[in-house]
Structure formats: structure tokens, C-alpha cells
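**Q** Numbering (full-length UniProt numbering), first residue to last: 1 to 407.
Here a beta-carbon is modelled for each residue, glycine too, at the ideal position from N, C-alpha and C.
1) Below 8 angstroms on the Cβ atoms is my guess for residue 179 versus residue 76; work out the distance and round it to an integer in Å.
2) Would you list, in sequence order, the uninterrupted alpha helix (DSSP H) runs of no fewer than 4 residues that lie entirely inside the stretch 143 to 200?
3) What do you get for residue 21, buried or exposed, if any count of 16 or more other CB atoms within 10 angstroms of its CB means buried?
4) Could you tell me the boundaries of the alpha helix (DSSP H) in which residue 97 lies?
5) Counting only runs of 3+ residues fully inside the stretch 221 to 270, write out the beta strand (DSSP E) ranges in chain order.
6) Just checking my contact of residue 160 with residue 99 at CB under 8 angstroms: how many whole Å lie between their CB atoms?
7) Three-state secondary structure (DSSP) at residue 52?
8) Indicate the three-state DSSP secondary structure (helix, strand or coil) for residue 319 in the structure shown.
9) If you pair each beta-carbon of the stretch 123 to 133 with each one of the stretch 287 to 305, do three or more pairs fall below 8 angstroms?
10) Assign residue 393 to one of two classes, buried (16 or more other C-beta atoms within 10 Å of its C-beta) or exposed (fewer than that).
11) So residue 61 is in the alpha helix (DSSP H); what residue range does that whole segment cover?
12) Please report how far the alpha carbon of residue 165 lies from the alpha carbon of residue 214, in whole angstroms.
13) State the DSSP-derived secondary structure class of residue 93, mapped to helix, strand or coil.
14) Which of the three DSSP states, helix, strand or coil, is assigned to residue 344?
15) In its own chain, which residues sit with a C-beta less than 6 angstroms from the C-beta of residue 33, not counting the 5 before and 5 after it?
16) Indicate whether residue 191 and residue 143 have their beta-carbon atoms separated by less than 8 angstroms.
17) Between the Cα of residue 320 and those of 283, 231, 204, 58, spot the shortest distance and give me the residue it belongs to.
18) Identify which residue in 206, 367, 222, 28 has its Cα closest to the Cα of residue 276.
19) Can you name, in chain order, every residue of its own chain whose Cβ lies under 8 angstroms from the Cβ of residue 412, other than the five neighbours on each side?
20) Would you give the residue range spanned by the alpha helix (DSSP H) that residue 394 belongs to?
21) What do you reckon, are the CB atoms on residue 366 and residue 197 nearer than 8 angstroms?
22) I believe residue 70 touches residue 158 by the beta-carbon criterion, under 8 angstroms. Please report the beta-carbon distance rounded to the nearest angstrom.
23) Taking 8 angstroms as the threshold, find out whether the stretch 374 to 383 comes into contact with the stretch 198 to 213 through three or more Cβ pairs.
24) Using only CA atoms, which one of 204, 220, 297 lies nearest to residue 243?
25) Should residue 248 be labelled buried (16 or more other beta-carbon atoms within 10 Å of its own) or exposed?
26) Compare the Cα-Cα distances from residue 235 to each of 355, 65, 241, 360 and report the closest residue.
27) Taking the alpha-carbon positions, what's the residue 315 to residue 358 distance?
28) Going by DSSP, which residues form a beta bridge with residue 283?
29) Beta carbon of residue 189, beta carbon of residue 374: below 8 angstroms?
30) Given this structure, state the Cα-to-Cα distance separating residue 325 from residue 171, to the nearest angstrom.
31) Would you mind stating whether residue 202 and residue 307 have Cβ atoms separated by less than 8 angstroms?
32) Residue 117 by DSSP, collapsed to three states: which one?
33) Excluding five sequence neighbours on each side, which residues of the same chain lie with their C-beta closer than 8 angstroms to the C-beta of residue 194?
34) Per DSSP, what kind of secondary structure is residue 136 in: helix, strand or coil?
35) Just grab the DSSP bridge partners of residue 78 for me.
36) Looking only at its own chain, which residues have a Cβ that is under 8 angstroms from the Cβ of residue 336, when we skip the five neighbours before and after it?
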């Protein structure tokens, strides 16, 4: 059993890295299928039948409050690519449309995420980008290259939870019909938002789940609280609690921008495994991602992934923030050559005290944080909470036009 699990992990790792096989290797027992509105069941010889084959059914409409199946097939296979586009790509629609995926006939989705966030970019925004798992060549489409295996059945739906009709959705889902034997690891995605994170409490990128699997990574969106002005927001550390970790994690980083591969602040960049697609300091809008493909994160019993919401600024700037009504909790002070850990002092100085050291002061803060977590799990569903309401998902969204980037 252990060897079988390792072999499945190696297959998934190979798929994610594009190394599963040579281009000239044509395996037996696999059949290529495409699902679209021209062949919704991805049937052999079943495509393009409408209008005598002359582009009879390229798109559909989704009225407000209605759902639409993009895929509903039986049998064993692997989804290799999803492409789609829609007529309304506003932040409100990208958060109101939800994509759900159901494996093996389960009535509980393994994936339940706002459409825009699922396809790799937070805050309901659109911009051109490309990484190993997702791409958008010109800011008008959605591409996903995450392999999604199933043994008995697969269903993918889109639901329009807005109060507006969606005039057009185009899509195709490319898959292989192939047999999967033994234990299978199913693709999952979870989305979470806190409009105001709790001071001093870590934001849950992925609440604790039980089982075996692999954490693939996350894309996140942050809209900063105006009470902190334009001070730096990204001191929070990503922490991963795996296989029985309780109070302290096995995996911990050194800061938010460090986690996504940059340092000393965060602008815009677009790399294969890490990136920051939105970085508008004036609006306080940031969206970024990190995918653990060359550096896999495996778990064999359980996992929880969190990030602290923490910022930093010079002492006198922090004092001014408090005077202007900002809630914060000082954590550490960098006053070289010293680094003061306030929580380890019995009589720690208060921010307003004269003897509070003059230096860079890190502090807990509260901002609007959202994240999509991607992972594989050895069961087709999890015990994670259901997707949050459309009212919460769409509240206080930034406008697409105000977001600046360097792409």
C-alpha cells in the first residue's frame, strides 16, 4: 500500500511538472475526449451535431440564480485542462459565479470556489498572466492545467448567484479516459474570506483536514484597512501544521512576501510557481500566489495552513496610527543590534512609553483577507465548511479599473 501511495504521488508530481511522458510516447488504453456545449457528454463521435455541424452550440447563457453543468460523465479518467470565458468579467460577477466539482457521485463538492479566484487571481480581478497551473493570455479568459483524476464519475457545475443574467459562457474541458487502480488522490479547492481579520489570530488558508494528500498551494487577496494608511502589511508568516502538529507547526516561513519568493516589500511579478499579480499601494490591493510544485508539501494524517496578519513600520509611525484610531498589537522591535521580542518580556514596554525602543515595529493588524487553497486528498470530499454566501463574497470589492500592475 505504501509503495502504491508513493507511486500515485510521483504520477501527480510528474503531471504537474509536465514530465509524465515523452511527447512521442503514445500509451495504450487511453482515449482523448473534449467536453463543450458542442459535445457535453464528451462522447466518441458525439461532437458538433447541431446546425449540421456549422457551429450550432458554442455557448450558453446562465440566468440569475441558475446552474449549468459543464461536465457530467461516468467512468474513469483524468481532467487535463479547463478553458472558459464569460461575457461579464466584472469583479462582482467573478465572485458571484461559483465553480463546483464533484467526484465519484458525491453530493458534497470537492471544489466550491468563486470562479475568478479559482482560476488563480484573487479579489475578483482580471489581468494577463501565466504560471504552472493557471493562465490568462490577455485578461479575457480562464485556463487551468491542474490534473484531476477520478475513478467512477466527474461533474463540474457553474452557478450564477448574482442578480444579473450571464449572457454567454464558452468552455471546453480536455480529459483522458483512462483506468485508475488503487488509492486515488482527488483534487480539492477551498475558499475563505474575512473582511476584518481578528487581531492576533491567524487567518486560515486551509482549516484542518484529515487524510493523506498534498497541499498544492494558494492564491491570496488582501485589501488593507485604511486606518493603517500605506504602512507595510506583509510581515505575517505562513505556517503549516502537519501530521499531528498542535501548538507549533513543522513548516513556517519568515514573512508574506518571503513566502511568495520576493523580499523587502512586494511589487508585481509573474513566475511559474510564485507571483504577485496585483500590487496597488494607493488602493491597498494585493493579489499573489505560491504553488508547491518543485517543493512538495505532503501530509499523511492531517494538515492546517494559516497566515498571520501582521505589518510593520517605524515606531513613531505606529504611534501615529494608534492616535488616529487603528487597532494593533506590537509584536517585535528591530533596533539594531537588538531585536526585542515583546511577548517574551515579563514587563514589556507599552507603545506609548518613553522607553519603548525606537526601531522598526512589527504589529498585529486587521485587514480584508481572502484565499483559495488547492490540495489533493485521498477521498472525493472533505469536512470543510461550505462556500460562504454571495453577499460576503461580493461585499466591498475594489473596482477593476483602479488596480495597477506592471504586466
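**A** Inspection of the coordinates gives the following:
1) The residue given as residue 179 occupies position 179 in the chain shown. The residue given as residue 76 occupies position 76 in the chain shown. Going by Cβ atoms, the distance from residue 179 to residue 76 rounds to 5 angstroms, so yes, they are a contact pair.
2) Listed in chain order, nothing qualifies, since the stretch 143 to 200 has no complete alpha helix (DSSP H) run of 4 or more residues.
3) As a working mapping, residue 21 is identified with position 21 in the chain shown. Exposed: under 16 other Cβ atoms inside 10 Å.
4) The residue given as residue 97 occupies position 97 in the chain shown. Residue 97 -> not in any alpha helix (DSSP H); beta strand (DSSP E) instead, spanning 97 to 103.
5) The qualifying runs are 238 to 242.
6) Within the chain shown, numbered from 1, the residue matching residue 160 stands at position 160. Within the chain shown, numbered from 1, the residue matching residue 99 stands at position 99. That belief does not hold up - the Cβ atoms of residue 160 and residue 99 are roughly 11 angstroms apart, past 8 angstroms.
7) Locating residue 52 in the chain shown gives position 52, counting from the first residue. Of the three classes helix, strand and coil, the one that applies to residue 52 here is helix, per DSSP.
8) Counting from 1 along the chain shown, the entry for residue 319 is found at position 319. Of the three classes helix, strand and coil, the one that applies to residue 319 here is helix, per DSSP.
9) Because the criterion of three Cβ pairs below 8 angstroms is met, the stretch 123 to 133 and the stretch 287 to 305 touch.
10) Sequence index remark: in the chain shown, residue 393 carries index 393 (1-based). That one is buried.
11) Translated into positions along the chain shown, residue 61 becomes position 61. It is not in any alpha helix (DSSP H) - residue 61 instead sits in the beta strand (DSSP E) that spans 60 to 62.
12) Here residue 165 corresponds to residue number 165 of the chain shown, with the count starting at 1. Here residue 214 corresponds to residue number 214 of the chain shown, with the count starting at 1. The alpha-carbon atoms of residue 165 and residue 214 are separated by roughly 37 angstroms.
13) Taking the chain shown and counting its residues from 1, one reaches residue 93 at position 93. Helix.
14) Mapped onto the chain shown, residue 344 falls at position 344. Of the three classes helix, strand and coil, the one that applies to residue 344 here is helix, per DSSP.
15) For the purposes of this step, residue 33 is taken as residue 33 along the chain shown, with counting starting at 1. A distance below 6 angstroms between beta-carbons, with the five flanking residues on each side excluded, links residue 33 to the following residues of its chain, in chain order: 42, 175, 177.
16) Counting from one through the chain shown, the residue named residue 191 turns up at place 191. Counting from one through the chain shown, the residue named residue 143 turns up at place 143. No; because the gap between Cβ atoms is not below 8 angstroms, this pair is not in contact.
17) To locate residue 320, count along the chain shown from 1; it is residue 320. With distances taken between Cα atoms, residue 320 lies closest to 231.
18) For the purposes of this step, residue 276 is identified with residue 276 of the chain shown, where counting begins at 1. The shortest CA-to-CA distance from residue 276 to any of 206, 367, 222, 28 is the one to 222.
19) Residue 412 cannot be examined here, being either before or after the span of the chain that is shown, 1 to 407.
20) One-based indexing of the chain shown puts residue 394 at position 394. Per DSSP, the continuous alpha helix (DSSP H) segment holding residue 394 begins and ends at 390 to 394.
21) For this step, residue 366 is matched to residue 366 along the chain shown. For this step, residue 197 is matched to residue 197 along the chain shown. Yes, these two residues count as a Cβ contact at 8 angstroms.
22) Here residue 70 refers to the residue found at position 70 when the chain shown is read from its first residue. Here residue 158 refers to the residue found at position 158 when the chain shown is read from its first residue. Indeed they touch by this definition, with Cβ atoms about 6 angstroms apart.
23) Judged by pairs of C-beta atoms under 8 angstroms, the stretch 374 to 383 touches the stretch 198 to 213, as three or more such pairs exist.
24) By 1-based counting over the chain shown, the position of residue 243 is 243. Among 204, 220, 297, the Cα nearest to that of residue 243 belongs to 297.
25) On the chain shown, position 248 is the one that residue 248 refers to. Exposed.
26) Translated into positions along the chain shown, residue 235 becomes position 235. Checking every option, the nearest Cα to that of residue 235 belongs to 360.
27) Translated into the one-based positions of the chain shown, residue 315 becomes position 315. Translated into the one-based positions of the chain shown, residue 358 becomes position 358. Annotation: residue 315 to residue 358 spans about 6 angstroms, alpha carbon to alpha carbon.
28) Numbered from its first residue, the chain shown carries residue 283 at position 283. Per DSSP, none; premise fails for residue 283.
29) Taking the chain shown and counting its residues from 1, one reaches residue 189 at position 189. Taking the chain shown and counting its residues from 1, one reaches residue 374 at position 374. For the pair residue 189 and residue 374, the CB atoms are nearer than the 8 angstroms cut-off.
30) Within the chain shown, numbered from 1, the residue matching residue 325 stands at position 325. Within the chain shown, numbered from 1, the residue matching residue 171 stands at position 171. Rounded to the nearest angstrom, the two C-alpha atoms are 48 angstroms apart.
31) In the chain shown, counting from the first residue as 1, residue 202 sits at position 202. In the chain shown, counting from the first residue as 1, residue 307 sits at position 307. A contact, by the Cβ cut-off of 8 angstroms.
32) As a position in the chain shown, residue 117 is number 117, starting the count at 1. Reduced to three states, the DSSP call for residue 117 is helix.
33) If you number the chain shown from 1, residue 194 lands on position 194. Result list for residue 194: 203, 368, 369, 370, in chain order.
34) Indexing the chain shown from 1 puts residue 136 at position 136. Strand, per DSSP.
35) Here residue 78 corresponds to residue number 78 of the chain shown, with the count starting at 1. DSSP, once it has assigned bridges, lists 149, 176 as partnering residue 78.
36) Sequence index remark: in the chain shown, residue 336 carries index 336 (1-based). Non-local C-beta neighbours of residue 336 in its own chain, meaning closer than 8 angstroms and more than five positions away in sequence, comprise 359, ordered along the chain.
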